[in-house]
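Trainee:
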Amino acid sequence: MQIMADQLASLIDASKLPSHIAVIMDGNGRWAKQNGQPRIFGHHNGVKAVREVTEACAELGVPWLTLYAFSTENWKRPAMEVSGLMGLLVETVKNEMLTLLKNDIRLHTIGDISKLPNSTRLALEDAIQQTANNKRMTLTLALNYSARWEILDAVNKLVKTHAHQTVSESDFTEAMSGAGIPDPELLIRTSGEKRISNFLLWQCAYTELYFTETLWPDFRKQHLYEAILNFQQRERRFGKISEQLI
Ligand code: IPE
Ligand code: IPE
Ligand code: MG
C-alpha cells in the first residue's frame with residue numbers, strides 16, 4: 148500500500164498541482180453499516196482520512212484544502228448523530244492542535260459557526276486563533292455550511308453596503324463567507340454519490356469534478372494521488388478551444 152502510494156505520488160506533476168482541493172467527505176454512515184456498527188463509528192473512523200488528506204496536501208504543496216464536514220441540511224439528522232458529530236469535532240480539533248502548529252497549517256471555517264453548540268464553537272475559535280499566522284497551508288472546514296446560505300448571506304450584506312449600486316463579481320466574492328479563498332480547481336466526492344449537495348455552488352463554476360466509490364473512512368493518500376493524477380490529465384478550456392491553450 149505504501150509502495151503503491153509512493154509510486155503514484157512520484158507520477159504527479161508538481162508544476163500542475165491544483166492550488167485548492169475541496170472534498171465532500173461522504174460515506175461514513177454506510178461504512179459503519181458495512182461494519183455492523185452505529186453511524187457515529189463511521190464518523191470517528193473518518194478522522195484518519197482527514198489526517199491523511201491534510202498531510203498529503205501539505206507534503207505535495209497544495210496551499211488550500213476545504214473539507215465539507217457538516218451541512219446546514221445535516222441538522223435534520225437524528226439528534227444523537229448530530230450531537231455525536233459536534234462532540235467529535237471538539238475532540239478532533241483539540242487532538243490535532245499540535246499537529247496543525249507543527250506543520251504550519253492554518254485552520255479556517257466557512258459557514259455559520261455562530262449556530263454551533265458553544266463547546267464546538269469555542270474549540271474552533273481557539274484553534275483558528277492559535278493557527279492564524281501559519282503559512283504552509285489553509286485547512287478550511289465547512290461547518291453549518293450551505294452554498295445557498297453563503298450566497299444569500301452575501302446578498303444581504305451587499306444590500307446594506309451597496310444599496311442602489313451595481314455589484315461586481317469581486318464585490319460579491321468579498322462579501323461571501325469564503326472571501327479570500329480561491330475557487331477550488333478540483334472537487335472530490337467520495338462514496339459514489341454524484342451530486343454537489345449545496346456545496347460551493349458559486350465557486351465551482353469551473354471546478355473539475357472527481358467522483359470515487361471509496362467510502363470516506365477508507366480514503367487514504369493513495370486515493371488523493373489518484374484524484375490529482377486524473378485532474379492532471381484533463382484539459383481545462385474555460386470556454387476556449389484546445390488550439391488556443393498553448
Ligand atoms: C458524511 O458521511 C459525513 C457527514 C455528512 C457529516 P455520511 O454520514 O453522509 O455517510 P452516508 O452518506 O450516510 O454513508
Ligand atoms: C454532504 O453529505 C454533506 C457533507 C459531506 C458534510 P450528505 O451525506 O449530507 O449529502 P446528501 O444529503 O446525501 O446529498
Ligand atoms: Mg452522506
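First residue of the sequence shown? That's 148 in this note's numbering, and the numbers climb one at a time after it. Where a beta carbon is used, it is the ideal one built from N, C-alpha and C, also for glycine. The model shown is predicted, which means the values in this text are computed figures rather than measured ones.
Span of the beta strand (DSSP E) holding residue 253?
Mentor: 252–257 is the span of the beta strand (DSSP E), which, as asked, contains residue 253.
Trainee: Have a look at residue 196 and residue 291 and give me their C-alpha separation to the nearest angstrom.
Mentor: Their backbone Cα atoms lie some 20 Å apart in a straight line.
Trainee: Does the beta-carbon of residue 216, which I'm using as the reference point, lie nearer than 7 Å to any heavy atom of ligand 2?
Mentor: Under cutoff, so the answer is yes.
Trainee: To the nearest angstrom, how far is it from the Cα of residue 179 to the Cα of residue 236?
Mentor: Residue 179 and residue 236: Cα-Cα distance of roughly 18 Å.
Trainee: Got a list of residues with beta-carbon closer than 5 Å to any non-hydrogen atom of ligand 1, in chain order?
Mentor: The set, ordered by position in the chain, is 173, 174, 175, 176, 177.
Trainee: Whole beta strand (DSSP E) runs in the region 260–319 with 3 or more residues, listed along the chain?
Mentor: Listed in chain order, the complete beta strand (DSSP E) runs (minimum 3 residues) inside the region 260–319 are 284–292.
Trainee: Please report the straight-line C-alpha distance between residue 347 and residue 289, rounded to a whole angstrom.
Mentor: So the alpha carbons of these two residues sit roughly 10 Å apart.
Trainee: Taking 7 Å as the cut-off, is the beta-carbon of residue 317 closer than that to any non-hydrogen atom of ligand 2?
Mentor: Not so, every heavy atom of ligand 2 lies at least 7 Å from the Cβ.
Trainee: Once DSSP output is grouped into helix, strand and coil, what is the label at residue 166?
Mentor: Residue state, collapsed to three classes: coil.
Trainee: With which residues is residue 338 paired in a DSSP beta bridge?
Mentor: Bridge partners of residue 338: none, in fact.
Trainee: Does the distance from the C-beta atom of residue 214 to that of residue 164 stay below 8 Å?
Mentor: Contact flag unset, no.
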